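Under mature numbering (1 follows the signal peptide of the UniProt record, and there is no 0), the letters of the sequence shown match residues -21 to -1, 1 to 532, in that order. By construction, the Cβ of each residue, glycine as well, lies at the ideal position given by its N, Cα and C atoms. Because the structure is a prediction, the values reported are computed rather than measured. Working notes, structure below.
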Amino acid sequence: MKKLLIAAAFYAGFATIAAQTATPNDKDQKTWYHKDYATTKVYGVNTENAYKFLESKGLKPKTVVVGVLDSGVEVDHPGLAKNMWKNPNEVPNNGKDDDGNGYVDDIFGWNFLGGKNADIDVDNMEVTRVVKKYQSVFEGSDSVKNKENQAKMPEEFAMYMKSKEIFTKKSQEAKQNVQLYTMIKNAIPDMVKLLGDKTLTKQNLSTIKPSTQQEAMAMQVLAQVSNDPQVVGKSAAEVKTYMDAQMKEALDYFTPQAEKGYNLDFDPRKEIVGDNYDDYSEKNYGNNHYEGPDAKHGTHVAGIIAGLPNGSEPQYGVASRVAKIMTVRAVPDGDERDKDVANAIRYAVDNGAKILNMSFGKPVSPGKNVVWDAFKYAESKGVLLVKAAGNENEDIAEHQYFPTNYKSTTDEKPFVNNMIVVGSNTNDANALKSSFSNYNKKMVDVFAPGSEIYSTVPDGKYEYLQGTSMASPVVAGASAVLLAYMPNLKPEQIIESLVNTTNASTNNGFENLSRSAGVIDVAKAAEYAYKNFYKAEVPKKSTKKPVKKTKVK
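Dropping the structure here:
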């Protein structure tokens, strides 16, 4: 699911309603995730020192293609255009499949969420699809038949019951949140009126006496907002601008969920894509609309990996000097479908990507075996998979977050050796774990910066977003740096290098949240990989026979 991390409900506090935050406009904050912990005590990933170390060894980088399996990417964004992968065997816009890979005009990648005339924007949640599919099978009008089906299909029945529970809870929450944020939005004029010519401070609020119930509610919201340092001391007009933006973000997030995501009768797949969704063997569908209807999430992810400084914008990706981005659109506003994920993995692998970033996930996975087969395929081709741990603040051993590299949470080891799972950290050493990040000492490998990350978004713009969706591409970028300078590295060696060299922390039990107990450090990982795994390439001997010189008599 493409998460934008709207805050917990208004009742829990109003410190951050949306993932997008109005962080101070300074270069230091925009690039904090590159910092060196040893010198700054900020848990960045030490990007610059990694390059310095690798170059000090005389190593020359080779370009690494990173597949971004996401919502789409704005391929002509000024901060990304020069670092977009281009299919060398495809002639642009000639309507032909020049390279014979089954995809016409796939210049920058492919879109598995489109058809001949349209593209999917909002799709429903996987739990909705499961409930829709199995409701009549397990809870139909014939109770005897229901019990027979439950006995014959125990795995499907367990998935159905889990999905039904989540569906019931989340659909109700989505509707309640729409009502809540609509109510707050409607109260904004009263907030402006109550503040008048005063600025937003607790002291000023204490002098304001509401005269109606509606004004009392507006005061309650203002009291919550006054805890947010971003708007403290702001004028009524500035508070209005801030609140308008926050409510739009919240309603843009929850309204599609309430109206479509958890709607049993909503299914855009058949009409738009036109494939037989139950046929997992199908792979040649979609189009080359790389951006799709909403590429914010994917464009932000791409910038974290390989964004380039653009004009006055200082943002740059961890692997901006060595990586090219291949975009594979497979994640809608809603839950990704297993068929699309499997095909996206295979497409990226077959077209030369050596690292795949997967900033998505969901609680149930009907086609998990098809996705797992794709994982094994990527493993056989030496491709690294980088996966976000998820944003529910849950232990993923207790609340599975698919796709996962553990077929069972009780397994001692993952069933593939080419996947690294990433949690999110902040730039505050005393509250290092991002409040939303999932965790587990066995199933999460490392943490990386994911709170308030500044990166590219559509229309040539930049924004702060947060989530394990942002932490994962930090690790994908770090991996690309290692692989670019040491092309012989295998995925499991990259993972070992990152896991064994983290900057550890014991604050608030952080050491128990992942198997590495810390935040990645690219420079340390580079040194570790160089010392333990690097092998210099031996120049290939020429197969040409030397030309015999004719003696002149």
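Could you spell out where the beta strand (DSSP E) holding residue 366 opens and where it closes? 363 to 367
Residue 362 versus residue 292: straight-line alpha-carbon distance, rounded: Straight-line Cα distance between these residues: approximately 32 Å.
Could you check which residue in 507, 501, 475 and 445 has the C-alpha nearest to that of residue 546? Residue 546 falls outside the range modelled here, since the chain spans only -21 to 532, and no answer is possible.
Backbone secondary structure at residue 306 - three-state DSSP: strand
Are the beta-carbon atoms belonging to residue 283 and residue 298 less than 7 Å from one another? no
Leaving out five residues on either side along the sequence, give the residues of the same chain with a beta carbon under 7 Å from the beta carbon of residue 178. 212, 213 and 214
So residue 442 is in the beta strand (DSSP E); what residue range does that whole segment cover? 440 to 444
At what residues does the beta strand (DSSP E) containing residue 258 begin and finish? Where residue 258 is concerned, there is no enclosing beta strand (DSSP E), given that its DSSP letter is neither H nor E.
Report yes if the CB atom of residue 455 is closer than 7 Å to the CB atom of residue 427, and no otherwise. no
Any chance you could list the alpha helix (DSSP H) runs of at least 4 consecutive residues sitting entirely within the region 441 to 523, in chain order? 447 to 464, 470 to 478 and 501 to 511
Express the C-alpha separation of residue 57 and residue 118 in angstroms, rounding to a whole number. 53 Å
State the beta-bridge partners of residue 426 as determined by DSSP. 402 and 498
Would you call the CB atoms of residue 483 and residue 496 closer than 7 Å? yes
Please report the distance separating the alpha-carbon of residue 513 from that of residue 498. 23 Å
Please list the segments of the alpha helix (DSSP H) lying wholly inside the region 106 to 168, counting only runs of 4 or more residues, in order along the chain. If only complete runs of 4 or more residues are kept, the region 106 to 168 shows the alpha helix (DSSP H) at 122 to 131, in order along the chain.
If you drop the 5 nearest sequence neighbours on each side, which residues of the same chain put their C-beta closer than 8 Å to that of residue 193? 166 and 169
For residue 95, three-class secondary structure by DSSP: coil
According to the neighbour-count rule (16 or more other Cβ atoms, all chains shown, within 10 Å of its Cβ), is residue -19 buried or exposed? Since pLDDT at residue -19 reaches only 39, below the 50 mark, its modelled position is unreliable, and the value read off the structure follows with that caveat. With 16 or more other Cβ atoms within 10 Å, it is buried.
Is it right to say residue 205 is buried, meaning 16 or more other beta carbons lie within 10 angstroms of its own, or is it exposed? buried
When you compare only the Cα positions, how much space is there between residue -17 and residue 37? Legend: pLDDT at residue -17 = 37, less than 50; position of this residue unreliable, no value from coordinates given.
Alpha carbon to alpha carbon, what distance is there between residue 80 and residue 67? 13 Å
C-alpha distance - residue 380 paired with residue 442, whole-angstrom precision: 27 Å
Return the CA-CA distance between residue 221 and residue 201, expressed in angstroms with no decimal places. 12 Å
Would the region 4 to 12 count as touching the region 264 to 273 if we require 3 or more Cβ pairs under 8 Å? The region 4 to 12 and the region 264 to 273 do not touch, with fewer than 3 CB-CB distances between them shorter than 8 Å.
Excluding sequence positions up to five away, which residues of its chain have a Cβ less than 8 Å from the Cβ of residue 74? 83 and 84
Are residue 437 and residue 332 touching if we call contact CB-CB under 7 Å? no
Leaving out five residues before and five after residue 341 in sequence, what residues of the same chain have Cβ atoms less than 6 Å from its Cβ? Once the five neighbours on either side are set aside, the close Cβ partners of residue 341 are -21, 105, 314 and 381.
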